[in-house]
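Q:
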Amino acid sequence: MTNEKPRVRFAPSPTGYLHVGGARTALFNLLFARNTGGTFLLRIEDTDVERNRPELVQGILDDLKWLGIHWDEGPYFQSERLDLYREAAQRLLVAGSAYPCFCAPSQYAGPEAREESEETEEEAAPMARQSCPCRHLSMADRESKIREGLPYAIRFHVPEEGSTSFQDEVFGQREVANSEIEDFVLLRSTGLPTYQLSVVVDDIAMGITHVVRGADHLSNTPKQVLLYRALGAKPPIFGHVPLILGPDRTRLSKRHGATSVGAYAEEGFLPEAFRNFLVLLGWSPGDDTELLDSDEMVRRFSLPSVSRTNAVFDRAKLEWFNVQYLQKLPIERLLPYVEKALRDAGIWREEWNGSERAWLARTVDLLRPRTRLLGDFATWARAFFTDDFDYDEAARAKFWKDERLPGMLEKLVTALEAAPEWDHDNCEKALRDLAAAEGVKAGLLINATRVAIVGRAVAPPLFETMVVLGRERVLRRIRQALPAIATQ
Ligand code: GLU
Numbered sequence: 008m009t010n011e012k013p014r015v016r017f018a019p020s021p022t023g024y025l026h027v028g029g030a031r032t033a034l035f036n037l038l039f040a041r042n043t044g045g046t047f048l049l050r051i052e053d054t055d056v057e058r059n060r061p062e063l064v065q066g067i068l069d070d071l072k073w074l075g076i077h078w079d080e081g082p083y084f085q086s087e088r089l090d091l092y093r094e095a096a097q098r099l100l101v102a103g104s105a106y107p108c109f110c111a112p113s114q115y116a117g118p119e120a121r122e123e124s125e126e127t128e129e130e131a132a133p134m135a136r137q138s139c140p141c142r143h144l145s146m147a148d149r150e151s152k153i154r155e156g157l158p159y160a161i162r163f164h165v166p167e168e169g170s171t172s173f174q175d176e177v178f179g180q181r182e183v184a185n186s187e188i189e190d191f192v193l194l195r196s197t198g199l200p201t202y203q204l205s206v207v208v209d210d211i212a213m214g215i216t217h218v219v220r221g222a223d224h225l226s227n228t229p230k231q232v233l234l235y236r237a238l239g240a241k242p243p244i245f246g247h248v249p250l251i252l253g254p255d256r257t258r259l260s261k262r263h264g265a266t267s268v269g270a271y272a273e274e275g276f277l278p279e280a281f282r283n284f285l286v287l288l289g290w291s292p293g294d295d296t297e298l299l300d301s302d303e304m305v306r307r308f309s310l311p312s313v314s315r316t317n318a319v320f321d322r323a324k325l326e327w328f329n330v331q332y333l334q335k336l337p338i339e340r341l342l343p344y345v346e347k348a349l350r351d352a353g354i355w356r357e358e359w360n361g362s363e364r365a366w367l368a369r370t371v372d373l374l375r376p377r378t379r380l381l382g383d384f385a386t387w388a389r390a391f392f393t394d395d396f397d398y399d400e401a402a403r404a405k406f407w408k409d410e411r412l413p414g415m416l417e418k419l420v421t422a423l424e425a426a427p428e429w430d431h432d433n434c435e436k437a438l439r440d441l442a443a444a445e446g447v448k449a450g451l452l453i454n455a456t457r458v459a460i461v462g463r464a465v466a467p468p469l470f471e472t473m474v475v476l477g478r479e480r481v482l483r484r485i486r487q488a489l490p491a492i493a494t495q
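Each residue of the sequence shown is one higher than the one before, starting from 8 at the first, in the numbering used here.
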């Protein structure tokens with residue numbers, strides 16, 4: 008054993024947005040690196056010209072950063088390293104660990120097509136070996152075909168006998184008979200590497216010590232181990248993390264709703280909450296602790312404590328985490344997120360970053376126990392930030408119907424104008440004294456006033472709301488609501 012520090016990587020293919028499963032894999036890599044004092048690399052696996060969408064790379068990087076997943080090295084791009092893969096394939100060819108395959112890819116769809124798929128299910132039955140006819144060509148035939156200029160791919164020559172085993176920190180020792188592994192393609196006739204080749208060449212070149220990735224790659228691992236050996240390198244330690252399923256126990260997909268991290272960011276989830284939710288998809292700290300901040304995650308994370316059992320994506324649980332973090336985050340950390348929500352809604356005011364910062368903090372603090380998503384600050388809580396808001400139909404029908412209200416609310420305005428100080432107790436006294444004098448329940452006035460000043464029936468306690476809105480705005484809003492109340 009050497010004392011080398013671990014080096015791990017997250018290696019997304021930009022064929023789609025960063026999805027929940029990828030983000031969880033990235034997070035586990037990050038936590039493992041931080042826990043062990045290792046290094047975390049980011050590598051973009053963009054050699055599949057047909058499926059690759061370069062325009063998605065920036066979004067993947069942004070979503071990782073949003074989640075607080077910061078890498079120490081990279082991003083490296085495989086598309087800039089093609090010579091390395093070609094050179095390795097040639098080396099294997101010369102050494103006899105690989106052979107040229109002259110079959111047209113369409114003629115020979117079997118293993119190649121399967122091997123290309125990174126989606127192979129972990130549970131899939133071992134495939135029958137299907138060896139390429141080119142494996143049996145004589146040296147002379149190979150050379151003459153190459154001289155003729157026939158295009159060829161390079162295939163790995165899997166040994167007939169024996170088995171290939173590897174150590175997996177999550178799944179334990181694994182072993183596969185070589186007779187079950189087909190001669191997989193390393194380099195296509197176009198000169199582009201397959202995933203199997205580029206991933207191994209890079210993991211060797213980048214000194215990767217631990218490969219932590221989705222369990223959908225378990226079935227690729229024996230091939231990769233064969234490649235490591237053929238290239239004269241020691242295989243890394245593997246850690247395959249369980250798949251994420253939807254509530255119906257099938258693999259999480261768009262059928263189950265949003266799967267991209269960006270969609271959750273846009274919907275108003277806090278990255279802190281999303282990260283906490285993600286870390287528990289397939290890992291547990293070993294007790295019932297659910298709320299874990301980053302330091303705690305780093306301290307407690309280990310590969311052997313990752314579960315082999317597939318995780319289930321439970322949206323209700325994600326929402327629960329968001330509510331927890333909306334309430335618990337230090338206010339100064341919450342405010343930038345609220346700022347973004349208010350900016351997106353076009354109701355942000357610059358003074359909230361300056362002279363009115365304390366007011367903003369107090370208002371957000373008052374609202375946050377009732378919020379579930381960041382967008383709530385700009386939707387139901389809109390009236391706290393702008394005069395441009397509507398009265399909720401159901402709330403006005405329910406709380407403005409008493410005919411005595413316009414008269415009483417006019418008196419309330421007068422009483423509030425006369426309050427010696429604009430604070431909770433004075434506002435409350437003004438309203439309760441008036442209710443007593445009029446012989447009505449305070450609730451009648453409280454509910455009607457709430458709808459008048461914030462447009463909704465459900466909002467923080469009235470007198471605290473009045474304080475943060477300020478005397479001038481409260482009086483103006485009650486007066487403005489009077490005609491609508493009178494005609495209700
Ligand atoms: N590009 C592969 C993927 O996105 C990486 C697999 C691996 O980590 O080896 O699934």
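C-beta atoms are modelled at their ideal positions from N, C-alpha and C, and glycine is treated no differently. Keep in mind the model is a prediction, meaning the values are calculated, not measured.
Quick one: grab the DSSP three-state call for isoleucine 188.
A: If DSSP states are grouped into helix, strand and coil, isoleucine 188 belongs with coil.
Q: Tell me, please, which residues DSSP counts as bridged to serine 170.
A: For serine 170, which the question treats as bridged, DSSP gives the partners Ala184.
Q: Using a Cβ-based criterion (distance less than 8 Å to any ligand heavy atom), does valine 206 qualify as near the ligand GLU?
A: At least one heavy atom of the ligand GLU is nearer than 8 Å to the Cβ of valine 206, so yes.
Q: Can you pull the DSSP bridge partners for glycine 81?
A: DSSP, once it has assigned bridges, lists no residue as partnering glycine 81.
Q: For arginine 16, which three-state DSSP category applies?
A: Reduced to three states, the DSSP call for arginine 16 is strand.
Q: Would the beta-carbon of glutamate 273 fall within 9 Å of that of tyrosine 332?
A: No, they are not a contact pair.
Q: State the CB to CB distance for the pair leucine 438 and leucine 452, rounded to an integer number of angstroms; the pair is presumed to be in contact (CB under 8 Å).
A: Confirmed, about 5 Å.
Q: Could you spell out where the alpha helix (DSSP H) holding proline 434 opens and where it closes?
A: It should be noted that the sequence gives cysteine, not proline, for residue 434. It spans 431–445 - the alpha helix (DSSP H) in which cysteine 434 sits, taken as one unbroken run.
Q: Phenylalanine 320 by DSSP, collapsed to three states: which one?
A: DSSP places phenylalanine 320 in coil when its eight states are reduced to three.
Q: Is tyrosine 83 near the ligand GLU - that is, is its Cβ less than 8 Å away from at least one heavy atom of it?
A: Not so, every heavy atom of the ligand GLU lies at least 8 Å from the Cβ.
Q: Using a threshold of 9 Å, state whether the C-beta atoms of valine 305 and glycine 289 are closer than that.
A: Taking 9 Å as the Cβ cut-off, valine 305 and glycine 289 do not qualify as a contacting pair.
Q: By alpha-carbon positions, which one of Met213, Glu94, Pro61, Pro254 ends up nearest to phenylalanine 17?
A: If we check each option's Cα against that of phenylalanine 17, Met213 comes out closest.
Q: Does DSSP classify serine 498 as helix, strand or coil?
A: The structure shown does not extend to residue 498, since the chain spans only 8 to 495, so no value can be given for it.
Q: Between phenylalanine 35 and valine 27, what straight-line distance do the alpha-carbon atoms span, to the nearest angstrom?
A: About 12 Å.
Q: Using a 10 Å radius around the Cβ and a threshold of 16 neighbouring Cβ atoms, would you call alanine 443 buried or exposed?
A: Alanine 443 should be labelled exposed.
Q: Opposite valine 218 in the DSSP bridges: which residues?
A: BP columns for valine 218 point to Phe245.
Q: Please report the straight-line C-alpha distance between leucine 225 and alanine 318, rounded to a whole angstrom.
A: In a straight line, the C-alpha of leucine 225 is about 16 Å away from that of alanine 318.
Q: Our contact map puts histidine 247 next to arginine 220 with C-beta atoms below 8 Å; I'd like the distance itself, whole angstroms only.
A: That belief holds up - the Cβ atoms of histidine 247 and arginine 220 are roughly 6 Å apart, short of 8 Å.
Q: Under 8 Å from any heavy atom of the ligand GLU, does the C-beta of tyrosine 202 make it?
A: Checking the Cβ of tyrosine 202 against the ligand GLU gives yes.
Q: I think asparagine 185 touches proline 158, with their Cβ atoms under 8 Å apart; what is that distance to the nearest whole Å?
A: Asparagine 185 to proline 158, Cβ: 28 Å. No contact.
Q: Is the closest heavy atom of the ligand GLU to the C-beta of serine 20 under 8 Å?
A: Serine 20 Cβ: within cutoff of the ligand GLU.
Q: So which of Ala491, Ala348, Ala352, Ile161 has the shortest CA-CA distance to cysteine 110?
A: Cysteine 110 has its Cα closest to that of Ile161, out of Ala491, Ala348, Ala352, Ile161.
Q: Is there at least one non-hydrogen atom of the ligand GLU closer than 8 Å to the beta-carbon of valine 56?
A: Valine 56 Cβ: outside cutoff for every heavy atom of the ligand GLU.
Q: For aspartate 397, does the count of other Cβ atoms within 10 angstroms reach 16, so buried, or fall short, so exposed?
A: That one is exposed.
Q: Of the residues Asn227, Val207, Ala265, Val268, which one's Cα is nearest the Cα of leucine 238?
A: Of the listed residues, the one whose Cα sits closest to leucine 238 is Val207.
Q: Per DSSP, what kind of secondary structure is isoleucine 251 in: helix, strand or coil?
A: Here isoleucine 251 sits in strand by DSSP.
Q: Is glycine 382 helix, strand or coil when you go by DSSP?
A: Of the three classes helix, strand and coil, the one that applies to glycine 382 here is helix, per DSSP.
Q: What does DSSP give as the partner residues of phenylalanine 47 in its beta bridges?
A: Answer by DSSP bridge pairing, in chain order: Val15.
Q: For a test of the three-state rule: what should DSSP assign to isoleucine 161, helix, strand or coil?
A: Three-state DSSP puts isoleucine 161 in a strand.
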